[in-house]
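In the working numbering, the protein residues as written are 1215 to 1524. Quick reminder that beta carbons are idealized off the backbone N, C-alpha and C, glycines included. Given the structure is predicted, the values throughout are model-derived calculations rather than measurements. Below: the structure, in structure tokens.
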Amino acid sequence: MKNINDWTIEYKPFNLSDYAHDSVVTDENIAQLYEIDGDNVFLLPRGEQAKSLEWVEKLCKWFLQRKLNADSRVVAVGGGSIGDTVGFACSIYKRGIVRLLHVPTTLLAMADSGVGGKTAVNMCGVKNAVGSYFFNCDTLIDACFLGTLDEEQLKSGKGELFKYRMLSDDALFCDGLTRIEDLAVSCAKYKLEICKNDPFCEKERNKLNFGHTIGHAMELALNLPHGIAVANGIYYETLLARALGLCEKGYADFWSEKVRKEFEIQPLTENILNAVLQDKKNLDGIGFVLPPRFELMRVSFDKVKALLLK
Ligand SMILES: NC(=O)c1ccc[n+]([C@@H]2O[C@H](COP(=O)([O-])OP(=O)(O)OC[C@H]3O[C@@H](n4cnc5c(N)ncnc54)[C@H](O)[C@@H]3O)[C@@H](O)[C@H]2O)c1
Ligand SMILES: [Zn+2]
């Protein structure tokens, strides 16, 4: 089985006919938009609805029917929901023998979820309640898929892009890159390097969770698309870092203004903060990855409330 160090990112057009010998999984929506069909195609429901054990089971049964083995390749064409679900099925099917090619079709998946190997499905209303790491993968990015995304989906992707912008202190975005697809590829490469150094999220990889503690709570409480919730999380977590004295006022003002200009920031309520308690990073206090060092730290629930709820 491949190691994460063998994970490659290719940037080229995706032609279904090149994958006639593989098992292609996509969602109903993408299948219709891009005419993806054939005996070797399995359709999941669109978006988040795919992320259930029920669909993982159906997928594994289909893998068995097709007698997939160590020489087989599965191709997941879709957004983060499809990547997460297919990745989880591949990780448990015969203990992870098949290779998986991620073909991300949303901006969010191109820049972020299409690399790194975290997989998960939801259970009992808890997001990403069960999941695994699966590194037997490669990624093919084809910018053509961006052409059919609506405004909200693009905005959601831009939320994760904003995270990389802050993590790299603007370096990724000051390289003369302006086209959104080029930015997505550079974020994906940046993420993959971090994941190669820390595949199981024990140290450096934690920083990719910036914006996600409050972001996940807002996603759940307000039903926001993932990346838009992350942008909200970035805003409030930057304010929190400032309130804790972790960063300079100038730094906090610069980034919070920027994120506020680009995204609609929702009010933070006590209910939303209560949902933060559900977050899996909470052992002793709430786990936050805060600027400017982006290291995992714990802040007591009462302190977060006192500093953020006005
Ligand atoms: N594993 C990870 O590292 C990771 C990272 C970030 C997010 N995620 C997960 O990703 C999921 C969100 O993924 P997402 O935002 O990519 O969307 P998605 O997969 O949930 O899809 C959202 C909608 O967009 C549609 N769609 C996808 N591609 C399209 C295209 N090219 N044109 C038109 N419509 C298209 C889908 O059919 C669906 O209706 C969440 O479940 C989140 O938890 C995982
Ligand atoms: Zn995210």
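* Give every residue whose Cβ lies closer than 6 angstroms to any heavy atom of ligand 2, listed in chain order. => 1326, 1374, 1426, 1440 and 1444
* Asked: According to DSSP, is residue 1441 helix, strand or coil?
  -> Within the sequence shown, the letter at position 227 stands for residue 1441. It is helical.
* To do: Could you pull out every unbroken alpha helix (DSSP H) segment of at least 4 residues lying fully inside the stretch 1410-1487, listed in chain order?
  => Listed in chain order, they are 1426-1436, 1440-1457 and 1463-1476.
* **Selected residue, minimal CA-CA separation from residue 1227, among 1290, 1300, 1317 and 1304** => Start at 1 with the first residue of the sequence shown, and residue 1227 comes out as number 13. Of the listed residues, the one whose Cα sits closest to residue 1227 is 1317.
* Between the CA atoms of residue 1371 and residue 1387 - distance to the nearest angstrom -> Taking the sequence shown and counting its residues from 1, one reaches residue 1387 at position 173. Taking the sequence shown and counting its residues from 1, one reaches residue 1371 at position 157. Looking at the two C-alpha atoms, the distance is approximately 15 angstroms.
* Excluding the five sequence neighbours on either side, which residues of its own chain have a C-beta within less than 8 angstroms of the C-beta of residue 1484, listed in chain order? -> The sequence position of residue 1484 within the sequence shown is 270, counting from 1. Here the set comprises 1519 and 1523.
* Quick one, which of 1288, 1476, 1424 and 1430 has its alpha-carbon nearest residue 1503's? -> The residue you call residue 1503 lines up with position 289 of the sequence shown. The candidate whose alpha carbon is nearest that of residue 1503 is 1424.
* Any heavy atom of ligand 4 within a distance shorter than 6 angstroms of the CB on residue 1319? -> Annotation note on ligand 4: not contained in the displayed structure, which lists ligand 1 and ligand 2 as its ligands.
* Asked: Are the CB atoms of residue 1376 and residue 1445 nearer to each other than 7 angstroms?
  -> Taking the first residue of the sequence shown as 1, we reach residue 1376 at position 162. Taking the first residue of the sequence shown as 1, we reach residue 1445 at position 231. In contact: residue 1376 and residue 1445 (Cβ atoms closer than 7 angstroms).
* Taking residue 1229 as the reference, which of 1421, 1251 and 1418 has the closest Cα? -> Counting from 1 along the sequence shown, the entry for residue 1229 is found at position 15. The shortest C-alpha separation from residue 1229 is found at 1251.
* To do: Could you give the DSSP three-state label for residue 1514: helix, strand or coil?
  => Locating residue 1514 in the sequence shown gives position 300, counting from the first residue. If DSSP states are grouped into helix, strand and coil, residue 1514 belongs with coil.
* To do: Alpha carbon to alpha carbon, how far is residue 1443 from residue 1435? Give it in angstroms, no decimals.
  => What you label residue 1435 is simply residue 221 of the sequence shown in a count that begins at 1. What you label residue 1443 is simply residue 229 of the sequence shown in a count that begins at 1. Near 10 angstroms, if we compare the C-alpha coordinates of residue 1443 and residue 1435.
* Pick out the complete alpha helix (DSSP H) segments inside the stretch 1362-1411, 4 residues or longer, and give them in chain order. => Counting only runs of at least 4 residues, the stretch 1362-1411 fully encloses the following alpha helix (DSSP H) elements, listed from N- to C-terminal order: 1365-1381 and 1394-1411.
* Asked: With 16 as the cutoff for other CB atoms within 10 Å, does residue 1340 come out buried or exposed?
  -> Taking the sequence shown and counting its residues from 1, the one referred to as residue 1340 is at position 126. Looking at its Cβ environment, which holds fewer than 16 other Cβ atoms inside 10 Å, residue 1340 is exposed.
* To do: Tell me whether residue 1290 is buried or exposed, calling it buried when 16 or more other Cβ atoms sit within 10 Å of its Cβ.
  => If you number the sequence shown from 1, residue 1290 lands on position 76. The residue is buried, with at least 16 neighbouring Cβ atoms inside 10 Å.
* Asked: Roughly how many angstroms separate the alpha carbons of residue 1360 and residue 1272, rounded to a whole number?
  -> In the sequence shown, counting from the first residue as 1, residue 1360 sits at position 146. In the sequence shown, counting from the first residue as 1, residue 1272 sits at position 58. In a straight line, the C-alpha of residue 1360 is about 29 angstroms away from that of residue 1272.
* Applying the criterion that 16 or more other CB atoms from any shown protein chain within 10 Å of the CB defines a buried residue, is residue 1462 buried or exposed? -> As a working note, residue 1462 is residue 248 in the sequence shown. So residue 1462 ends up on the exposed side.
* To do: Sort 1478, 1439, 1422 and 1460 by Cα distance to residue 1449 and report the nearest one.
  => For this step, residue 1449 is matched to residue 235 along the sequence shown. Checking every option, the nearest Cα to that of residue 1449 belongs to 1478.
* To do: Report all residues from its chain with a CB closer than 7 angstroms to the CB of residue 1242; omit the five preceding and five following residues, and keep chain order.
  => Stepping through the sequence shown from its first residue, residue 1242 is reached at position 28. Cβ within range, chain order: 1257, 1259 and 1260.
* According to DSSP, what are the bridge partners of residue 1167? -> Lying before the first or after the last residue shown, residue 1167 is absent from the chain, which here runs from 1215 to 1524.
* What are the start and end residues of the beta strand (DSSP E) that includes residue 1557? -> Examination of residue 1557 is not possible in this model, given that the chain is present from 1215 through 1524 alone.
* Asked: Quick one: is the Cβ of residue 1332 within less than 6 angstroms of any heavy atom of ligand 1?
  -> Locating residue 1332 in the sequence shown gives position 118, counting from the first residue. Correct: residue 1332 has its Cβ closer than 6 angstroms to ligand 1.
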